[in-house]
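**Student:** Residue 105 in the working numbering sits at position 104 of the sequence shown, with consecutive numbering throughout. Virtual Cβ for every residue (Gly too), placed ideally from N, Cα, C. For reference, the structure I am asking about is given below.
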Amino acid sequence: MATELVQLKAADFEDAMDFMNLVFSAHGPIDFTQLLPALYQPDDEMMGWNWAVREDGRLRAVVGSFPIAWQLGETQLKVAGIGGVSSHPRRRGAGYMRQLMEHCVQRMRDEGKHLSWLGGQRQRYAYFGYEKCGTGYSFTLSKANLRHVYGDTASRLSFQPLDPNDATHRAGCIELHDAQPIHCLRPAERFDALLRSWKHQPHIALAPDGRMIGYLVTNGSGDSVCELCAVSEGHPELEIARAWVAQQSSSSTRFDLSPWHPLVHKLGPIGESFSTSSTGNWQVFDWTATLSALLAVRASTGPLIDGRVTVEITGCGTLALEVQSGETTCARTEEKPVLRVDAPTAHRLLFGPLAPSAVVELPPAAAALEQWCPLPLYWSRQDGV
Numbered sequence: 002m003a004t005e006l007v008q009l010k011a012a013d014f015e016d017a018m019d020f021m022n023l024v025f026s027a028h029g030p031i032d033f034t035q036l037l038p039a040l041y042q043p044d045d046e047m048m049g050w051n052w053a054v055r056e057d058g059r060l061r062a063v064v065g066s067f068p069i070a071w072q073l074g075e076t077q078l079k080v081a082g083i084g085g086v087s088s089h090p091r092r093r094g095a096g097y098m099r100q101l102m103e104h105c106v107q108r109m110r111d112e113g114k115h116l117s118w119l120g121g122q123r124q125r126y127a128y129f130g131y132e133k134c135g136t137g138y139s140f141t142l143s144k145a146n147l148r149h150v151y152g153d154t155a156s157r158l159s160f161q162p163l164d165p166n167d168a169t170h171r172a173g174c175i176e177l178h179d180a181q182p183i184h185c186l187r188p189a190e191r192f193d194a195l196l197r198s199w200k201h202q203p204h205i206a207l208a209p210d211g212r213m214i215g216y217l218v219t220n221g222s223g224d225s226v227c228e229l230c231a232v233s234e235g236h237p238e239l240e241i242a243r244a245w246v247a248q249q250s251s252s253s254t255r256f257d258l259s260p261w262h263p264l265v266h267k268l269g270p271i272g273e274s275f276s277t278s279s280t281g282n283w284q285v286f287d288w289t290a291t292l293s294a295l296l297a298v299r300a301s302t303g304p305l306i307d308g309r310v311t312v313e314i315t316g317c318g319t320l321a322l323e324v325q326s327g328e329t330t331c332a333r334t335e336e337k338p339v340l341r342v343d344a345p346t347a348h349r350l351l352f353g354p355l356a357p358s359a360v361v362e363l364p365p366a367a368a369a370l371e372q373w374c375p376l377p378l379y380w381s382r383q384d385g386v
């Protein structure tokens, strides 16, 4: 039996989709071309993001490694998202998934990726260097909340689904998304498909005079919002959220938000409930660049106390994180570390969602981490793979 590890091409599209749909449909029908239309198309570049093991020419395992550019203020990080991990039911245990995962992780390192993300069972991917961490917020806003806060005063905003052929409003959505200081760079030609990933639906928010003042992305039933962007004039984020909840048939709506989203401060006083959760399985390859970018983002969301903390990460060396008068740095150092942790612990220590003191026993010299962290490792569900 001849086996080979191959990079897929456009000519493999139909075969690959049939294979992946078969594997993932064990618990219900799945069509990857409908689920993730921005990632799976009969195109050499897009299919080239997928690696496979063939036995005598037949697909037996597939892993996708998708390039994502992540803009954090003035810094751009190179990310690889792992998705579509699939093994033929009759070949599980043959080691093909391990072979493909190890291949993809090594390619990420060779290509200079700063970090990688994937969804999936924690221990399954811990073998390849991933750890569950990151911090995201979920708020629930109900019709009862609105009644007590706003009384009988109704919002005058309206919504309409974003038409795939509506180039004008799509351009407006792109402008609002890209104006965020922290966002993934979405190619314009794939933007609409990205908004519709996971069978989600984009809607535009309209002022009484018909002007578009924002957009949101929801699940099919409308009771979960995973992305909301608004114009800066008047800061209408809360009014958009309020109007959406009021116009839905469900009694409440969940809003999944980044730690820096302006709605966090606005929903906190009126929402029915909120929770904090991890944002997936992450693996940092370039700790210096990643921590430098995220510490700067953290400083932009609120004041940080001055301090300097040296942390040794097993296999990665010692890093000095420093904040002085609002300026942040992260650099390698030969100094004696005040804290030594392995890589999985470092992910949870620095990125949450638990406070650092809930991850390890902090020495006094590392106390500043308790105020600086968790660093905001988060992105929209629509950028997940």
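#1: Taking the beta strand (DSSP E) that serine 139 belongs to, which residues open and close that run?
#2: Within the same chain, show all residues whose beta-carbon is closer than 6 Å to that of tyrosine 41, passing over the 5 residues directly before and after it, in chain order.
#3: For a test of the three-state rule: what should DSSP assign to methionine 213, helix, strand or coil?
#4: Leaving aside the five residues before and after valine 150 along the sequence, list all residues of the same chain whose C-beta is less than 8 Å from its C-beta, in chain order.
#5: Only counting runs of 4 or more residues, tell me where the alpha helix (DSSP H) segments fall wholly within the segment 10 to 82, in order along the chain.
#6: Skipping 5 residues on each side, what residues in its chain have a beta carbon closer than 6 Å to that of valine 339?
#7: Does the pairing of the segment 259 to 273 with the segment 79 to 97 give three or more beta-carbon distances under 8 Å?
#8: Can you tell me which residues form a DSSP beta bridge with glutamine 161?
#9: Three or more beta-carbon pairs under 8 Å between the segment 350 to 361 and the segment 8 to 19, yes or no?
#10: Taking a contact to mean a Cβ-Cβ separation below 9 Å, would you say alanine 208 touches leucine 217 in this structure?
#11: Would you mind giving the Cβ-Cβ distance between serine 143 and glutamate 240, rounded to the nearest angstrom? I have them listed as a contact below 8 Å.
#12: Any contact of the segment 325 to 338 with the segment 108 to 120, i.e. 3+ C-beta pairs under 8 Å?
#13: Throw me the rounded Cβ distance for the phenylalanine 140 and phenylalanine 20 pair, which I believe falls under 8 Å.
#14: Would you kindly work out how many angstroms separate the C-alpha atoms of threonine 319 and tryptophan 288, rounded to a whole number?
#15: Out of curiosity, what's the CA-to-CA distance linking arginine 187 and leucine 322?
#16: Quick one: give me the first and last residue of the alpha helix (DSSP H) that leucine 116 is part of.
#17: Using the rule of at least 16 other Cβ atoms within 10 Å of the residue's Cβ for burial, across every protein chain shown, is histidine 201 buried or exposed?
#18: Any idea if valine 7 is buried or exposed, counting beta-carbon neighbours within 10 angstroms, 16 or more meaning buried?
#19: Give every residue of the same chain whose Cβ lies closer than 6 Å to the Cβ of glycine 120, excluding the five residues on either side of it in the sequence, and list them in chain order.
**Tutor:** Based on what the coordinates show:
#1: Per DSSP, the unbroken beta strand (DSSP E) holding serine 139 starts and ends at 137 to 143.
#2: Result list for tyrosine 41: Phe33 and Thr34, in chain order.
#3: Methionine 213 falls in the strand class under three-state DSSP.
#4: So the list reads Ile271, once near-sequence residues are dropped.
#5: Entirely contained in the segment 10 to 82, the alpha helix (DSSP H) runs reaching 4 residues are, in chain order, 14 to 25, 33 to 36 and 45 to 48.
#6: Correct list, in chain order: Thr311, Pro364, Ala366 and Ala367.
#7: Under the Cβ criterion (8 Å, minimum of three pairs), the segment 259 to 273 does not count as touching the segment 79 to 97.
#8: Listed as beta-bridge partners of glutamine 161 by DSSP are Ile205.
#9: Two segments are said to touch when three or more pairs of C-beta atoms, one from each, lie closer than 8 Å; by this definition the segment 350 to 361 does not touch the segment 8 to 19.
#10: Not in contact: alanine 208 and leucine 217 (Cβ atoms no closer than 9 Å).
#11: That belief does not hold up - the Cβ atoms of serine 143 and glutamate 240 are roughly 17 Å apart, past 8 Å.
#12: Taking a cut-off of 8 Å on C-beta distances, the segment 325 to 338 does not touch the segment 108 to 120, as fewer than three cross pairs fall below it.
#13: With a contact defined as Cβ atoms closer than 8 Å, phenylalanine 140 and phenylalanine 20 miss out at about 39 Å.
#14: Cα to Cα, the separation comes out at about 10 Å.
#15: If I take the Cα positions, the gap works out to 31 Å.
#16: Run containing leucine 116: none in the alpha helix (DSSP H); it sits in the beta strand (DSSP E), 116 to 119.
#17: Buried, since its Cβ has 16 or more Cβ neighbours within 10 Å.
#18: Label assigned to valine 7: exposed.
#19: Its chain contains Gly281 as the residues whose beta carbon lies nearer than 6 Å to that of glycine 120, once the 5 sequence neighbours on both sides are disregarded; these appear in chain order.
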